[in-house]
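Residue numbers (this note's numbering): 25 to 95. Positions of the beta carbon are idealized from the N, C-alpha and C atoms, including for glycine. Contents: one structure, followed by commentary.
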Amino acid sequence: MNDCPIPEGYDDACRVRPSIESAFKELGYTGPISITAFADQKQIPDHHLLALSSTGVVLLIPSFPGTYTVA
25 MNDCPIPEGY DDACRVRPSI ESAFKELGYT GPISITAFAD QKQIPDHHLL ALSSTGVVLL
85 IPSFPGTYTV A
């Protein structure tokens, strides 16, 4: 999420997934969408992590080198 952060002005991370889905619909895509974010739990505010996961964004948190835990 450091390389592709939640954009400025998105005070509510719950808007991220609907915005992505809306952009795909505008391009004519109507199929299923799955979104996975890789995040360092220590660098991302808890309210962003909770908001993203509550919308169906899968969050992968590094737990050991080369392994991830689903948040």
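Reference residue i; option with closest CA among the options
i: Leu83; options: His72, His71, Thr60, Thr91; result: Thr60
i: Arg39; options: Gly80, Tyr53, Asp64; result: Gly80
i: Arg41; options: Gln67, His71, Pro86, Ser78; result: Ser78
i: Ala63; options: Glu32, Pro86, Tyr53; result: Pro86
Under 8 angstroms between C-beta atoms of residue i and residue j
i: Gln65; j: Leu73; result: yes
i: Ile57; j: Ile68; result: no
Bridge partner(s) assigned by DSSP for residue i
i: Ala61; result: Leu83
i: Thr93; result: Ile85
First through last residue of the alpha helix (DSSP H) which encompasses residue i
i: Lys49; result: 40-50
i: Ala75; result: 70-78
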